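Participant: Got a structure for you, written out below as structure tokens; questions coming shortly.
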Amino acid sequence: MFSTQSQSNSDAPSSSSTSVAVHSAGNVHKIKFCQWCGGPAKHEIPDGEEKIRAICTLCGKIAYQNPKMVVGCLIEHDRKILLCKRNIEPSFGLWTLPAGYLEIGESAAEGAIRETWEEAGAEVELKKPQFSPGPESSECSFFELDNIPFDSLAFSSIFVTLNLYIEDVKSGNVKFHYGTINKRLGTGPSDIRAFTLDYHLQV
Numbered sequence: 006m007f008s009t010q011s012q013s014n015s016d017a018p019s020s021s022s023t024s025v026a027v028h029s030a031g032n033v034h035k036i037k038f039c040q041w042c043g044g045p046a047k048h049e050i051p052d053g054e055e056k057i058r059a060i061c062t063l064c065g066k067i068a069y070q071n072p073k074m075v076v077g078c079l080i081e082h083d084r085k086i087l088l089c090k091r092n093i094e095p096s097f098g099l100w101t102l103p104a105g106y107l108e109i110g111e112s113a114a115e116g117a118i119r120e121t122w123e124e125a126g127a128e129v130e131l132k133k134p135q136f137s138p139g140p141e142s143s144e145c146s147f148f149e150l151d152n153i154p155f156d157s158l159a160f161s162s163i164f165v166t167l168n169l170y171i172e173d174v175k176s177g178n179v180k181f182h183y184g185t186i187n188k189r190l191g192t193g194p195s196d197i198r199a200f201t202l203d204y205h206l207q208v
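Numbering of the sequence shown is given in the numbering used here, commencing with residue 6 and proceeding in unit increments.
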């Protein structure tokens with residue numbers, strides 16, 4: 006499990022970073038105005054999504070009221086890893102694990118299962134390797150461990166996760182990893198080697 010901290014938000018997607026009051030039932034206060042341009046917000050389900058979001062009626066940006074925690078799954082079948090080619094920005098056209106932001110009221114495990122289904126059309130407990138790209142992926146494919154496209158990965162967190170997993174598999178001892186991935190100042194999400202891995206613990 007890793008947390009990612011970026012010192013640059015120039016390539017960040019259109020999501021809200023404003024703190025939102027959360028009720029015990031998991032509901033949030035409705036956003037009435039856009040935090041970017043001040044325009045009035047409407048509440049409806051954006052294309053390709055399933056939840057109602059606050060959408061600015063002027064600039065069209067979407068305010069996501071959810072924890073800023075990314076969850077996902079590393080799916081292995083016959084010693085191959087399932088990757089998805091991103092169909093949206095940031096890092097359009099680059100490969101990533103099926104992952105995304107946690108929703109309010111979800112556990113980390115529930116969010117990882119949902120994101121894997123949404124992005125790869127795959128159930129986590131696979132009986133057969135059946136999958137298909139979702140709206141945020143243009144392609145899904147299994148890669149042998151020695152053929153993973155490291156030069157075309159979307160994010161540093163995916164680069165770190167895959168490298169550590171391959172090291173563990175080759176050593177015969179798959180471990181739990183914890184650490185903080187700090188992006189270097191002025192770098193974008195797709196600058197996958199522009200980071201430091203701090204506080205790395207493995208059990």
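Glycine included, each C-beta is placed from N, C-alpha and C at the ideal position.
Given the structure is predicted, the values throughout are model-derived calculations rather than measurements.
Identify every run of the beta strand (DSSP E) within the stretch 163–201, keeping only runs that are complete inside it and at least 3 residues long; order them along the chain.
Facilitator: 182–188
Participant: Going by the beta-carbon positions, is the gap between residue 194 and residue 164 smaller than 8 Å?
Facilitator: The residue given as residue 194 occupies position 189 in the sequence shown. The residue given as residue 164 occupies position 159 in the sequence shown. Not a contact, by the Cβ cut-off of 8 Å.
Participant: Between the beta-carbon of residue 46 and the beta-carbon of residue 77, is there less than 8 Å?
Facilitator: Looking up residue 46 in the sequence shown gives position 41. Looking up residue 77 in the sequence shown gives position 72. Not a contact, by the Cβ cut-off of 8 Å.
Participant: Going by other Cβ atoms of all chains shown within 10 Å of its Cβ, with 16 needed for buried, is residue 73 buried or exposed?
Facilitator: On the sequence shown, position 68 is the one that residue 73 refers to. By the beta-carbon neighbour count (other beta carbons within 10 angstroms, threshold 16), residue 73 is exposed.
Participant: When you compare only the Cα positions, how much space is there between residue 2 and residue 188?
Facilitator: Absent from the model: residue 2. The displayed extent of the chain is 6 to 208, so no value can be given.
Participant: For residue 200, count neighbouring C-beta atoms within 10 Å of its own C-beta (all shown protein chains included) and say buried if the count is 16 or more, exposed if not.
Facilitator: For this step, residue 200 is matched to residue 195 along the sequence shown. That one is buried.
Participant: Between the C-alpha atoms of residue 173 and residue 208, what's the straight-line distance to the nearest angstrom?
Facilitator: Residue numbering aside, residue 173 sits at position 168 when the sequence shown is read from its first letter. Residue numbering aside, residue 208 sits at position 203 when the sequence shown is read from its first letter. Each residue's alpha carbon lies about 11 Å from the other.
Participant: What separation, rounded to the nearest whole angstrom, lies between the Cα atoms of residue 96 and residue 196?
Facilitator: For the purposes of this step, residue 96 is taken as the residue at position 91 of the sequence shown. For the purposes of this step, residue 196 is taken as the residue at position 191 of the sequence shown. Each residue's Cα considered, the two are about 9 Å apart.
Participant: Does any C-beta atom of chain B lie closer than 8 Å to the C-beta of residue 160?
Facilitator: Of the protein chains in the structure, only one exists, and it is not chain B.
Participant: What separation, rounded to the nearest whole angstrom, lies between the Cα atoms of residue 89 and residue 103?
Facilitator: Here residue 89 corresponds to residue number 84 of the sequence shown, with the count starting at 1. Here residue 103 corresponds to residue number 98 of the sequence shown, with the count starting at 1. One C-alpha to the other measures close to 6 Å.
Participant: Let me make sure I understand the geometry here. Which of 60, 43 and 42 has the alpha-carbon closest to that of residue 49?
Facilitator: Taking the first residue of the sequence shown as position 1, residue 49 is located at position 44. Nearest option by C-alpha distance: 60.
Participant: Terminal residues of the continuous alpha helix (DSSP H) containing residue 124?
Facilitator: On the sequence shown, position 119 is the one that residue 124 refers to. From DSSP, the alpha helix (DSSP H) with residue 124 extends over 113–125.
Participant: Using the C-alpha atoms, what's the distance from residue 141 back to residue 101?
Facilitator: Within the sequence shown, the letter at position 96 stands for residue 101. Within the sequence shown, the letter at position 136 stands for residue 141. Approximately 11 Å, taken between the alpha carbons.
Participant: Taking the straight line between their C-alpha atoms, what separation do you get for residue 30 and residue 111?
Facilitator: Taking the first residue of the sequence shown as 1, we reach residue 30 at position 25. Taking the first residue of the sequence shown as 1, we reach residue 111 at position 106. Because the pLDDT at residue 30 is just 36, under 50, the model does not fix this residue reliably, and the point stays unresolved.
Participant: Is residue 175 near the ligand NAD, going by C-beta to nearest heavy atom under 7 Å?
Facilitator: Ligands are entirely absent from the displayed structure, and the ligand NAD is therefore not among its contents.
Participant: Return the chain-ordered list of same chain residues with a C-beta closer than 8 Å to the C-beta of residue 206, the five sequence neighbours on each side being excluded.
Facilitator: The residue given as residue 206 occupies position 201 in the sequence shown. Result list for residue 206: 182, 183 and 184, in chain order.
Participant: If you follow the beta strand (DSSP E) that residue 84 is in, where does it begin and where does it stop?
Facilitator: Translated into positions along the sequence shown, residue 84 becomes position 79. Taken as a continuous stretch (DSSP letters only), residue 84 belongs to no beta strand (DSSP E), as it is neither H nor E.
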